[in-house]
Each structure stands twice: as structure tokens, then as C-alpha cells.
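Taken in sequence, the protein lines are chains A and B. Numbering-wise, the first sequence is residues 22 to 421 according to the working numbering. Numbering-wise, the second sequence is residues 9 to 377 according to the working numbering. Glycine residues also receive a C-beta, built at the ideal position from the N, C-alpha and C atoms. Note that the structure is a prediction, hence the values are computed from the model and not measured. Structure record follows, encoded as C-alpha cells.
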Amino acid sequence: MTICDRNSSPEEIENAVDTWLDAHWDSDRRCAKGDSSYDEATWLKTVFEAGFCVPTWPTEWFGLGLRQKQARIIEKAFAKCKAPGHSRDRFHLGAITVFKVGSDELKRAMLPTLLTGPICCLLYSEPNAGSDLAGVRTKAIPDGDEFVITGQKIWTSNAQEAEYGMLLSRTDWDVPKHRGITFFLFPMKQDGVEVKPINQITGESEFNEVFITEARVPASHIIGNLNEGWTSFQTAIAYERLIMGQGITERQGKSKADSEPQLIRLARKYDKYDDPAVRQKIAQALAYRELNNLNMERAKEEILKNGSSSLMSLGKLAMSRIQHGEAAIATDLMGNEALLDGEESLDAANVNFDAAKAYMNSIGGGTDQIQKNIIAERVLNLPKGPDLDRNTAFRDVKSS
Amino acid sequence: MSQISDNDRQALRDGFARFLETNANEEKLRQGIASERGYDEGIWGQMAAMGLLGIAVPEDLGGIGGGAVDVALVAEEIGKKLLPVPYVSTCVVAAELIARFAPVSVQRELLPKISGGTLVVSVGGAGDCIPYADDENSLSATHGNDGWAVSGDVSYVPHGGHADYHLLGTMENGSQALYLISASENVSVSPMTSNDPAQRLSRLHLTDAKAVKLEGLAPSGLGQASMRSIAAAAAEQAGAARAIFDITMEYLRTRYQFGRPIGSFQAMKHMAAELLVEVESATSAALTAARMIDAGSVDAAKFVALAAFTCKDAFRAVSAQAIQMHGGIAYTEEHIAHLYWRRARASIPLFGHSDHYREQYLKAREAAL
Chain A
22 MTICDRNSSP EEIENAVDTW LDAHWDSDRR CAKGDSSYDE ATWLKTVFEA
72 GFCVPTWPTE WFGLGLRQKQ ARIIEKAFAK CKAPGHSRDR FHLGAITVFK
122 VGSDELKRAM LPTLLTGPIC CLLYSEPNAG SDLAGVRTKA IPDGDEFVIT
172 GQKIWTSNAQ EAEYGMLLSR TDWDVPKHRG ITFFLFPMKQ DGVEVKPINQ
222 ITGESEFNEV FITEARVPAS HIIGNLNEGW TSFQTAIAYE RLIMGQGITE
272 RQGKSKADSE PQLIRLARKY DKYDDPAVRQ KIAQALAYRE LNNLNMERAK
322 EEILKNGSSS LMSLGKLAMS RIQHGEAAIA TDLMGNEALL DGEESLDAAN
372 VNFDAAKAYM NSIGGGTDQI QKNIIAERVL NLPKGPDLDR NTAFRDVKSS
Chain B
9 MSQISDNDRQ ALRDGFARFL ETNANEEKLR QGIASERGYD EGIWGQMAAM
59 GLLGIAVPED LGGIGGGAVD VALVAEEIGK KLLPVPYVST CVVAAELIAR
109 FAPVSVQREL LPKISGGTLV VSVGGAGDCI PYADDENSLS ATHGNDGWAV
159 SGDVSYVPHG GHADYHLLGT MENGSQALYL ISASENVSVS PMTSNDPAQR
209 LSRLHLTDAK AVKLEGLAPS GLGQASMRSI AAAAAEQAGA ARAIFDITME
259 YLRTRYQFGR PIGSFQAMKH MAAELLVEVE SATSAALTAA RMIDAGSVDA
309 AKFVALAAFT CKDAFRAVSA QAIQMHGGIA YTEEHIAHLY WRRARASIPL
359 FGHSDHYREQ YLKAREAAL
């Protein structure tokens, strides 16, 4: 049953989703109505069947065919009562990529599984392929209607929980690097997949190394076409950068629009808020954040009007300046207290964490330097630099 | 609120941009700068014919009754071509204030002339708001049998040398007063040597100059006029920043060294990408400020302050790096880059310094908490 569609008014959608949530979600206990505790798999299935997982996708592909603006109404309603499972068409990178570039067969077979399961992990980087990601060396060797995978991946978040990962692998070593890559939807829960957490400079361990030894993936799980993985991968990475440009990697609640910005709070606390020089710095920092929001709003308008916007590629770069800049100002405001950490000073712990975490934005998903190259080449049409290995068979490419 | 439909607005902008493409090249710009008034009067006349000069003038007084967005679109195109025309001072600041606060007879006399391009009004550029010049002027007004008379000095007046009227402010008992003063023998004008040849500045010396006092300066109306003026100036700067950026990108694509276009070097690409953030931020800020004004938003003042310093600073940063990225060629007088850079540097203090608006922005953020 479709409870709202493209022709529904905002009020109709709001009513439909509120009524649905009332009937299915227990806001107080944070679980499905009638249940005593939250069961993720069952709840996600309920949301999926109502079409609320991916409201902007067409009805034949598990969505409601809604416009972005209409979908935001659903997102808000879910967020208001803290019900999970919504907006997977914005944040489930694996499902989005399969939906955008996968074959109909793969979409039919895997989208219901992906949308009702944990989000996919990303098996991209390797110890020897970071910024130069097209240099991946993880082998995929055909064996009947399967491929056998061997290699090492790094910087993988959610590797423990994920049931599937999007895997960049080498399927042809005798062509230049971009042309021998295949992109797989790879099952994580199997022998030959070993996950090892990485200790990060933030004190967290959200990333892992993934060691893959003769693990298997069906040939039908190729996302896009054999040896054309680099093209399919572009869709996935573009969405990832887009999500990062919205500050998703930040500490929760750090920059809520309606609350006092952290910098103002700290300046007041450390009695520096009347210093005109401090005020100039804080004003500029707040402005950078507001300007990035305005650019992203403009991007959304352009996307609604023209289907795309080059402004989107600026968000992640702008966010790096915002996060590193705010952390530096906050550190200066605290004076000696910034030397502390942990229980000794919660403010210092937060600021020191933010200072380290800012690298998550400026390195993760492609360093700022790579992002600047991309902006220069794709948005500004500046010519590419010489690529020494562009026309060399990958097996002859030098590596460290 | 604007009386102009979205389609008409787009047509207006496109028509003006096309006109400028053929009529406002660098040669014309330089001829204008060298001319008596400092700008091409032919272009000014054409702008009047296209209806652009009366956008901010109410319909019943011969104008179009447009909103801040309409004005911003025109200002942006003016900025792109660096036209040194008195658009913001005459057609925004003066038009807004006259339409709100001048006696009806004065409105009927002056506003049609503003729309028609036959009347230029100068506005004092020093001080922290438009149009009042508090730092540098020593004006005082007296009321006699003949009405108001203003005496004293005021500096940093763009277009002061050829304006038909001067719109000047004084502080009276702690609040702002505004006077409209016609150019006469009681106003002696001397040029100030300005760094930007296209932004000519004058010093005015007034001796009992006859003046029309603008009455009933309600804070709301004054605030509206001021916000619209600042937003227009910001849009002009955003347009100028984009234009010199585009000129620089074109150079990076076509200038070869070491056997390859210099834009293929990462050193250049990284500068370009960083500057694009500034250019787009300026555009977004200027557009948002104008939209917020038109929507009557309570946040309008905040976004106007944001646009004010963002566009000034972006223009300076982009035009300064434009010279650097061009290299030696832009160190020459005959290259256009320095004209953008000079205008940008002049834009920082004029009509309120960037730092002033940054502080205003922070105050507005605090007020909203």
C-alpha cells in the first residue's frame, strides 16, 4: 500500500507518516509498538515495507517516488520520535551505489537485504593505495561463477557489524590501472575475512584493517561491469564526499543551529569574550560554518533545478577549514587548560578530540589535496597533470 | 516585496549581461576611467533606457518597485565588469532614502530623474554605515528662515565631483540626521588622490549649503534602506570577485610553461580550488542577504552583515591571488587584474569596514540565541 506519493501535499505526507509512526513506533520505549525491546532487523523490515527507508526512490524499487523536499518531511518525523531506518537513500552508501549503478538483477536480489541490514562497509584503501586509490592490489580471480579474493584493506569503519562491504579489487593486471578494477558487493561474514581494529589519534577505534584470504564473492555481485569498477566507484565516492561536506563526522550536538556555539560558550567561560580580536576570530569561524550551509542550500536548489550542482564538491573542503579552524580557536581560548584531557578537564577533552577528529574530514574520503585536484579538474576545467602510470600495464607500475 | 516576476527578473539580468558583454569591454572601462566623470556615460544612459536605474524606485514615482534581489542581480553584473558607475549610491542608497523620507515634492522631482539617468547623488563613504559618515565629517545643520543649511567638511565621497546632489549625515542629539544638498557654489569639491583610479573620491567643504532634511527617520525604514544598500554593494563585490576569478582560470588553461598549461600544476589547482570556495561563498551570502530582506526575515540584518564582510574579503582575497597566479603579466599596468585588486582594496573600508560587519554579525548571532 502506498500511503503517500509525488502528488501528496506536505500536510498529507506529514499526516501519513505521523499516523504510521503512531501505529508502529513506541517513542517512549524506543522500539516497535507492542515489543518490549528494540529489534533492529524486524524494525528495519517494517520501515522498508512502508517505503520510508528510501522515499525518493521509485515505487518499483522499494521507495515512494517522492521529491527530496517531500522526503525531508519523513526524515523530520522519524528524527522527532527517534525512530531509526529512515533516509537510507541519503546515507546508506552501499544501497545507494547498488541502486545507481547495479544491474536490475543485483538490485532485485540485494537491495531488500541491504536496506534492512546494517550499512555496508567500504573496502577501498589499502596500505599502498590511499590517495592513489586506483592502485589497489587486492586480487580477484574468477573461479566458476564466483571470484576468489585475496588482499588487505584499511580504514574500514563498521567492519565488525557490516554484512556486506563495497570492495575495490584488481581483475586485470595487464591494462593500465583504472581499467582493470572491478567493484564488488562483498559478503563479510565468511571464512577468510579477518577484522582488526586500528587505534586512532582521537582515542577511538572506529576504523579497521581487513585481511582477506581466499574469500569468495558471487560474480553476480559485481556492481556495474567487470573491469569497469573505477566508473562505478565514482558514484559511491561522490556520495561519500557529499555526506562528509555536511559535517556528518562531527561530534554529536557540537554545532546545533539553535544552541549557543561552542566557541562563544568557551570565550565566555574563559573570560575572553570582550576581547575584540577574539570576537573577530569567533565571528569569522561562525561565518565559515554559516557560509558552508548557504552554499549547500544553493547546491540543493541547483540540484532540484538542473539535476546537479558543482557546489556540492566544495562542502568537504570547506568543512576542513571550519573544523581545524574552530579547534585552533577553542584551544587558544582555553589557555593552559588545553594541556589537560580526560576527567581532568571535559572542555579540554572535547577540544582536543575535535582537533584530532578534524583530520577525519580533511584526510578521510580523499585528502583535501586530492579534493582540490578534483575541484580544479572537474569543476574549473583545469587541465590534468601528467599521470606517469596512466598508460602503463598495472603489473609494471612502480610501487613503494 | 518585488513587483517583478521570476521570468522578468531573469530576462532583465540576461539582457543586461548581454549588453555589457558587447559594450563594457576593458577598453571602454579604461576610456571611462580616463573621462571627466570617471565612467562611461553612454552605458549609464543605456542602463536608464533598460529600466535598471529605477528598480528600487516605487512604481508610482516612475520606477519599477523591485526588491533587493532585483537590485542585487544588476549590481552583480556591474561588479563583474567593474563599471565605476554611481549605481549603488544613486539608485539604491539615495533612491531608497528619498522614496522613504523626502518630502513628496522632492520625491516627484528627483526620483524620475534618478530612474532616467539624469541625476547623480553622491553619498559619504567613510564611517560604519550607509550613508552616514561619522568618522570623518564635521557637518552641522542650522535652521533659518530659508530652511535648513549645512556647513562643514566631509571626506571620502565617491562621485562627489560630478554629483547633482549630495546625501550627507550628521549626528544631532545622539541620533542620525540626513540632508539632501544640491551641488552649488556653497559646496566646494576638491578631489582626493585615490589609489583606485576608478573609485574617485572627493572632499566636500560646505558653507551654509541649502539642504532638504529627510524627516521621520524611523529606525525600521532607515534599517531597511541601509540593509538594501549594503546588500547591493555586497552583490557588486561578489560579481567582481567571480569575474576576476574567471579571468584567472582562463589564463591557467591557456598559458603554457614547461610544455604544459600552468593550470595543470597542483600548486595552481590548489589555489584555484581554495578561491572557488571564497567566490561561491560570496555569491551565496549576497544572494541570501537580498532574499532575506525581500522576505522580511527577522534574520535579514544578520545575513546582510555576513554578506558585507564576506563579499569584501572574498573580493580582496581573490583579486590579490589573481595577480599572483598570473605572474609578471599582472604586475603591469596594462593588465586588468590590478584594477580589480584596487577596487577590492577600496571596498574593504568604504561604507563600513569588514571588521565592523564581522562584529555586527556576531552581535546578531548573540541576539538570536
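Of the residues A:E81, A:I94, A:L114, A:S30, the one placed nearest M265 (chain A), counting alpha carbons only: A:L114
Among B:D321, B:A107, B:E288, B:T98, whose alpha-carbon lies nearest the alpha-carbon of H170 (chain B)? B:T98
Could you give the first and the last residue of the continuous beta strand (DSSP E) run that contains C142 (chain A)? 142 to 144
Compare the C-beta of F415 (chain A) against all C-beta atoms of chain B and say whether one is closer than 7 Å. no
Could you spell out where the beta strand (DSSP E) holding M239 (chain A) opens and where it closes? The amino acid occupying residue 239 (chain A) in the given sequence is Pro; Met does not appear at that position. Per DSSP, P239 (chain A) belongs to the beta strand (DSSP E) from 228 to 239.
Would you kindly work out how many angstroms separate the C-alpha atoms of I331 (chain B) and E167 (chain A), rounded to a whole number? 58 Å
What is the C-beta distance between L231 (chain A) and K174 (chain A), in whole angstroms, given that I count them as a contact (C-beta under 8 Å)? Per the sequence shown, the amino acid found at residue 231 (chain A) is Val instead of Leu. That belief holds up - the Cβ atoms of V231 (chain A) and K174 (chain A) are roughly 4 Å apart, short of 8 Å.
Give the interface partners of Y369 (chain B) over in chain A, defined as CB-CB distance under 7 Å, in chain order. A304, A308
Would you grab the beta carbon distance between G71 (chain B) and L119 (chain B) for me? Rounded to a whole angstrom, and I think it's under 8 Å. 7 Å
Count the other CB atoms, across all protein chains shown, that sit within 10 Å of the CB of I222 (chain A); report buried if there are 16 or more and exposed otherwise. exposed
Considering K217 (chain A), what are the terminal residues of the alpha helix (DSSP H) in which it resides? Segment 214 to 218 is the beta strand (DSSP E) holding K217 (chain A); no alpha helix (DSSP H) there.
Cα-Cα separation, L401 (chain A) to I170 (chain A): 38 Å
Contact under 7 Å by Cβ, I233 (chain A) with V216 (chain A): no
In chain B, which residues lie less than 7 Å from E311 (chain A) when you measure between Cβ atoms? L314
Identity of the residues DSSP links to K218 (chain B) by a beta bridge: B:A157
Close beta carbons around R373 (chain B), own chain, < 8 Å, minus the five adjacent residues each side: K310
Out of A:R88, A:G123, A:I303, A:I324, state which residue places its alpha-carbon closest to the alpha-carbon of T256 (chain A). A:G123
Who are the neighbours of G406 (chain A) on chain B, taking C-beta pairs under 9 Å? R268, S272, F273, Q274, K277
Rank A:I243, A:E33, A:L263 by C-alpha distance to the C-alpha of F207 (chain A) and give the top, closest one. A:I243
With a threshold of 16 other CB atoms inside 10 Å of the CB of Q18 (chain B), please say whether the residue is buried or exposed. exposed
Tell me which residues share the same chain as P94 (chain B) and place their Cβ nearer than 6 Å to its Cβ, disregarding the 5 neighbours each side in the sequence. V128, H167
Start and end of the beta strand (DSSP E) containing M179 (chain B)? 173 to 180
Range covered by the beta strand (DSSP E) that runs through L188 (chain A): 185 to 191
Residues of the segment 316 to 344 of chain A in Cβ contact with chain E at a cutoff of 7 Å, in chain order, please. Protein chains in the displayed structure are A and B, and chain E is not among them.
Say whether chain B places a C-beta atom closer than 7 Å to the C-beta of M22 (chain A). Confidence in M22 (chain A) is poor, its pLDDT being 47 and thus under 50, which makes the residue's placement unreliable; the coordinate value appears in the next sentence. Not closer than 7 Å to any Cβ of chain B, the Cβ of M22 (chain A) fails to qualify, so no.
Using a Cβ-Cβ distance cut-off of 7 Å, determine whether E382 (chain A) contacts chain B. Note that residue 382 (chain A) is Asn in the sequence shown, not Glu. Not closer than 7 Å to any Cβ of chain B, the Cβ of N382 (chain A) fails to qualify, so no.
Neighbour list for V285 (chain B) in chain A, Cβ cutoff strictly below 7 Å: L335, L338, A339
Which two residues bound the contiguous beta strand (DSSP E) that contains E365 (chain A)? Unbroken run through E365 (chain A): none, as it is neither H nor E.
Cβ neighbours of W52 (chain B) in the same chain (closer than 6 Å, five flanking residues each side left out): V93, G125
DSSP on R324 (chain B), reduced to helix/strand/coil? helix
Between the CA atoms of S190 (chain A) and P163 (chain A) - distance to the nearest angstrom: 12 Å
DSSP three-state label for S198 (chain B), please. strand
Which of helix, strand or coil does DSSP assign to M22 (chain A)? Residue placement at M22 (chain A) is poorly supported in this model, since its pLDDT is 47, which falls under 50; the coordinates still yield a value, given next. Here M22 (chain A) sits in coil by DSSP.
Which of helix, strand or coil DSSP assigns to E286 (chain B): helix
At least one CB of chain B closer than 7 Å to the CB of L401 (chain A): is that the case? yes
Could you give the DSSP three-state label for E167 (chain A): helix, strand or coil? strand
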